[in-house]
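Rendered as structure tokens:
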């Protein structure tokens, strides 16, 4: 019989409501026991069994809680992660991990001291298009990759009232969306040798970064380009990868987010994460004497696999997929990209 882990969720805003609660509750080994909501009890509408508390201290004091999930605004991550670890809980924290690498180092050391699991919710490693690209590269279908360009664009020329658009540590599109692309790039290609950043506030009245164009340089002459703009009404490819054997081009975005926003769940939706054929990526390559020009069926995305891994790792049955040291490296590279942008020069990547 499966021994369940008891989960406490801090925050039931967009991230907690959309990405965490429905995914946690789709993993048989995890029970969403408690939600911290200071001014409402919205979580009980969908999860009537949960215990809603008004204070994080009530959550920390519950001896039955095994895992605390932090989904607060980025600027509060350090405080909540620190306090949860000190309370003797395993911790999952929404991305970005922290605002600075030094803060990440502090939390990593504390987790080791307390002998508790600490992981960052880099769910985009379980996007279908990323899983597909990972498989294409592992199979060597593009040969030696020379260039990879990743985009996360949108059209929102007017600054909103969202906390992510306000001034503050770890706010802005580079920390919010860029950290996902950075994590995917490092997962595919490892740590770069150099970094060149162009990070800007382009929208009138903007208080936080809303544009970035960052190039990671590798010793193999590989260039990985990460880009985002809020002024893209007509979308181009999301991924463009070129190697000495061929190219892969992929449009569109993983369907899991829209499904979650619409109230669906991996536990109840048939063919979860499956992408329609018209969105499959295009592969042009050479296999032996054959020139191949075809589409590649997208591997279904699976955000639930992130939390399944958390369960399996805590139970001692699997290696942790998203290690805090990896999330810390993402933050360090964001710091360097911001420095590069400010100084207008290429920087060597340092720990």
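In the working numbering, the protein residues as written are 16 to 366.
Here a beta-carbon is modelled for each residue, glycine too, at the ideal position from N, C-alpha and C.
Outcome for residue i when other beta-carbon atoms lying within 10 angstroms are tallied against a minimum of 16
| i | result |
| --- | --- |
| residue 250 | exposed |
| residue 48 | buried |
| residue 285 | exposed |
| residue 360 | exposed |
| residue 307 | exposed |
| residue 323 | buried |
| residue 314 | buried |
| residue 186 | buried |
| residue 246 | exposed |
| residue 113 | buried |
Nearest-angstrom Cα separation, counted from residue j out to residue i
| i | j | result |
| --- | --- | --- |
| residue 328 | residue 357 | 40 Å |
| residue 220 | residue 158 | 45 Å |
| residue 96 | residue 224 | 25 Å |
| residue 248 | residue 256 | 23 Å |
| residue 235 | residue 161 | 8 Å |
| residue 218 | residue 174 | 7 Å |
| residue 194 | residue 282 | 28 Å |
| residue 299 | residue 266 | 15 Å |
| residue 200 | residue 188 | 17 Å |
| residue 57 | residue 87 | 16 Å |
| residue 292 | residue 170 | 25 Å |
| residue 59 | residue 65 | 6 Å |
| residue 53 | residue 28 | 11 Å |
| residue 312 | residue 62 | 35 Å |
Same chain only: Cβ atoms within 7 Å of residue i, ignoring 5 sequence neighbours per side
| i | result |
| --- | --- |
| residue 233 | 204, 207, 208 |
| residue 353 | 212, 214 |
| residue 142 | 269, 316 |
Residue i: first and last residue of the uninterrupted alpha helix (DSSP H) it sits in
| i | result |
| --- | --- |
| residue 143 | 143-153 |
| residue 197 | 194-204 |
| residue 95 | 92-101 |
| residue 273 | 271-276 |
| residue 157 | First-last for residue 157: undefined, no H or E at that position. |
| residue 122 | 116-129 |
| residue 59 | 58-61 |
| residue 24 | Counting along the chain, residue 24 falls outside any alpha helix (DSSP H), though it belongs to the beta strand (DSSP E) covering 20-25. |
| residue 335 | Here residue 335 belongs to no alpha helix (DSSP H), and DSSP marks it neither H nor E. |
Chain-order list of residues whose beta-carbon lies under 6 Å from that of residue i (same chain, five-residue window excluded)
| i | result |
| --- | --- |
| residue 240 | 164, 230 |
| residue 198 | 137, 345 |
| residue 259 | 158, 159 |
| residue 280 | 37, 41 |
Contact test: residue i Cβ vs the ligand NAD heavy atom, cutoff 8 Å
| i | result |
| --- | --- |
| residue 20 | Here there are no bound small molecules, and the ligand NAD is not part of this structure. |
Expected contact under 8 Å - CB spacing of residue i and residue j to nearest Å
| i | j | result |
| --- | --- | --- |
| residue 107 | residue 134 | 5 Å |
| residue 104 | residue 81 | 7 Å |
| residue 51 | residue 26 | 7 Å |
Residue interval of the beta strand (DSSP E) (run including residue i)
| i | result |
| --- | --- |
| residue 240 | 238-243 |
| residue 134 | 133-136 |
| residue 328 | Looking at the DSSP string, residue 328 is not in any beta strand (DSSP E); the run it does join, the alpha helix (DSSP H), is 319-329. |
| residue 308 | 305-311 |
Any C-beta of chain D under 9 Å from that of residue i
| i | result |
| --- | --- |
| residue 225 | This model lacks chain D altogether; it includes just one protein chain. |
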